[in-house]
Amino acid sequence: MESIYLISDFSNKIKRLAESLQLPAQNIISYQYKENESGYHTWLNDEFKAKEIDKIIIPVSISNDDTINTIGLLLGLHIRLNYELSLEKRLIPIIFLSNFTVENLIKVNSFDSDNNPQNLIFTKGVYFSSFDIEDIQKTIISSTPCLKADYYKNVLSKLNINRKEALGGHDIANAWGCFKVAQVVGFDDRIFQLYPIAKHLKQLYAKNLICKNQTFSNEKRIDLNHIKCNGKKILFIDDKADEGWAELIKNLFRGAGDNFKYVDSSKYKADDLHKSFKDFDGFYKECQSHIGKDWDLIIIDLRLNPEKEDIDNELTKPTDFSGYKLIDEFLTKNEGYQIIVLTASNKIWNINAALKRGAYSYFIKESPEFNFPISETKKLLDKFKNDVKVCFHRGYLKQIFKEKDDLIHFINEMEYGSDFLETLKNQLNLAYYLLSKAETNEQFAYAYVSLYMIIETINNHFVVKTTNDVWVLNITNEPLLDWSYDAKAKSYINTNTTVFGSKPPEWQKLAGLHFQNWNGQEQSFVQKIYQLITKRNGFIHNDKSILDKTKKDKNGEDVLDNEKKPIYLNHDIYKPEGFIELFKVIQKVIGSL
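Here this note's numbering is used: position 204 in the sequence shown is 205, and no number is missing along the way.
Set out below in structure tokens:
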């Protein structure tokens, strides 16, 4: 009987039974009272992993004071649903001992309506015996394990385990989502040890879901594609930060070192089982304290106050979620903040609301209710990593937005005509918007062209043609002079010729404003304006001689990049760098008004 084990509650009755069955001392498992389901899971898991148990005998009623209870049935559920064990170990025969018949047992007990342990009685591989030794011995001999092929049909489908109201599905999804990502990157051993994770994933409801969907894996992985984030400043905000997520996200961004920051939600929660907020306003205020700081990436959970924000209630507007409101506050301060939404909600309208407001992307915390294999979790994480990479690349938007807003404030102090000033501001906002949405070469080029329109707006306002076809600077009424580029002198020369007749090129108008109106002396500035406007014209007219102009060495040969390809001088119109270069010129031009 070396493979037959007995759970003992230290009662004399069980001691005599063990002696009569001639069970060796090492086959007696001493019952350990636990305060929660997590404790029972861990205890039984340790026992089964340390022992080769083929069959197990469990008294239905386990007590030292002869109180009638059905704790034994709950232990049986924990064995059948222990996803950490192999399926063979889960399905060993369980022999329950009771002097009641099954019918009377059900009649005299009030079973837990959440776990319904009585349903286990009617599943495969479960046997009943009285405390009579001969009856027990016969049952042991006749008992056989449930077949693996019958696990779902004859065990799992017959159970009726409901979610406890105190431990909601949102909490389980948060814990499971954290654990699944940790599995992919090889951090699961650490995460699974955390009590907040174990508290949710080792309760019977979660165990039942995980077993039904076969979502647990003991496969060990190593993260070979870690996130490159040296020098990056990352902020993480989640009400579940203290329940595994902060430790997991910090591990994902370990390259950032001390530049990774998170809001410690535990400081604002009650020190009890439910970890509900005792000071949500204080937590939210600390989150707000990070608005305006220099962050390369912000990760925000959509629902930060789960006790008051029912994510499954379709009457709750997405814009009412505290996470959405915080996103709005960050982006109101600076539209260039790169934000990724982290959420346990799979409601697309909730996510879309955050994306529409300006968040770049999202990552959904998995739930054991959905049968995602570990390979799918890896795909989701890889997408998240790619989104992070894009967000880091889009970091220029934060500075451009700030400087664009500074320009608008500067324009607001001017005393020119309101229509002209409104046009400047609108064009600045439009150009930034197009830049923030740009992904393709053409979209970046159109953002560039939109920004360029500010030059035309300024030229049209300050350089006008008189009735006698003379072009003048309308503030001083001074004629616009012909500024021509002298290649030998490498400078613009005033020929003292008045410009008249057909419309002069935009660079010439701006050259006149620079040299004549604003007393500018920078030759390189005017030359830069000429180059930038020429680049714009090349795109608008699809002039390949301009767009595909290559950089030459002193011998007139193409200069090649690291990939042995020619360097095109004007292809930056298709990249953020082209916009930024033009923006710097626009800043100087507006600053001269």
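Ideal Cβ positions, reconstructed from N, Cα and C, are used throughout, including at glycine.
Would you decide whether residue 350 is buried or exposed? Buried here means 16 or more other CB atoms lie within 10 Å of its CB. Classification for residue 350: exposed.
Which of helix, strand or coil DSSP assigns to residue 57: strand
Please go through the same chain and pick out, in chain order, the residues whose beta-carbon is closer than 7 Å to the beta-carbon of residue 586, but skip the five residues on each side of it. 529, 530, 533
Where does the unbroken beta strand (DSSP E) through residue 363 begin, and where does it stop? 362 to 365
Please report how far the alpha carbon of residue 276 lies from the alpha carbon of residue 453, in whole angstroms. 55 Å
Separation of residue 191 from residue 573, as counted between CA atoms: So the two alpha carbons sit approximately 46 Å from each other.
Going along the chain, which residues of its own chain have a beta-carbon closer than 7 Å to the beta-carbon of residue 152, five neighbours each way excluded? 88, 92
Bridge partners for residue 499 per DSSP, in chain order? Answer is 482.
Taking the CB atoms as reference points, tell me whether residue 269 and residue 280 lie closer together than 7 Å. yes
Assigned secondary structure, residue 441 (DSSP; H/G/I helix, E/B strand, else coil): coil
Please report the distance separating the alpha-carbon of residue 294 from that of residue 339. For the pair residue 294 and residue 339, the Cα-to-Cα distance works out to about 12 Å.
Taking DSSP as the reference, what is the three-state secondary structure of residue 282? helix
With residue 516 as the anchor, note down where its beta strand (DSSP E) starts and where it stops. Note, residue 516: premise wrong, no beta strand (DSSP E); not H, not E.
Can you find the residues in the same chain that come closer than 7 Å, C-beta to C-beta, to residue 397, ignoring five residues on each side of it along the sequence? 577, 581
How many Å lie between residue 34 and residue 17 at the Cα? 22 Å
Could you name the residues of the same chain whose beta carbon sits closer than 7 Å to that of residue 471, not counting the 5 residues immediately before and after it, in chain order? 480, 499, 501
How is residue 340 classed by DSSP in three states: helix, strand or coil? In the structure shown, the three-state DSSP call for residue 340 is strand.
Under the rule that 16 or more other beta-carbon atoms within 10 Å means buried, what is residue 283, buried or exposed? exposed
Extract the residue ranges of the alpha helix (DSSP H) inside the region 188 to 234, only unbroken runs of 4 or more that lie entirely within it. 189 to 194, 196 to 202, 205 to 214
Using 7 Å as the threshold, is the C-beta distance between residue 198 and residue 176 below it? yes
Name the two residues that bound the continuous alpha helix (DSSP H) containing residue 253. 246 to 253
Which value, in whole angstroms, describes the spacing of the CA atoms of residue 27 and residue 51? 11 Å
Strictly by DSSP, which residues pair up with residue 331? For residue 331, which the question treats as bridged, DSSP gives no partner whatsoever.
If you measure between the beta carbons of residue 63 and residue 113, is that distance less than 7 Å? no
Based on the DSSP output, what are the partners of residue 127 in its beta bridges? Its beta-bridge partners are 95.
Bridge partners of residue 9, per DSSP? 31
State the start and end residues of the unbroken alpha helix (DSSP H) segment that holds residue 472. Here residue 472 belongs to no alpha helix (DSSP H); instead the beta strand (DSSP E) covers 472 to 474.
Within its chain, find whatever has a CB closer than 8 Å to the CB of residue 561; leave out the 5 residues flanking it on each side and keep chain order. 567, 568
Neighbourhood of residue 79 by C-beta distance below 8 Å, restricted to the same chain and skipping five residues each side: 38, 41, 42, 45, 205, 208
Does the count of Cβ pairs from the region 322 to 340 and the region 292 to 306 closer than 8 Å reach three? yes
Over the uninterrupted beta strand (DSSP E) stretch that includes residue 298, give me the two end residues. 298 to 302
Excluding the five sequence neighbours on either side, which residues of its own chain have a C-beta within less than 8 Å of the C-beta of residue 597, listed in chain order? Residue 597 cannot be examined here, being either before or after the span of the chain that is shown, 2 to 594.
Within 10 angstroms of the Cβ of residue 49, are there 16 or more other Cβ atoms? Answer buried if so, exposed if not. The Cβ neighbour count for residue 49, taken over all protein chains shown within 10 Å, is at least 16; the residue is labelled buried.
Based on the DSSP output, what are the partners of residue 569 in its beta bridges? 551
DSSP beta-bridge partners of residue 561: 567
What are the residues that DSSP puts in a beta bridge with residue 464? DSSP, once it has assigned bridges, lists 474 as partnering residue 464.
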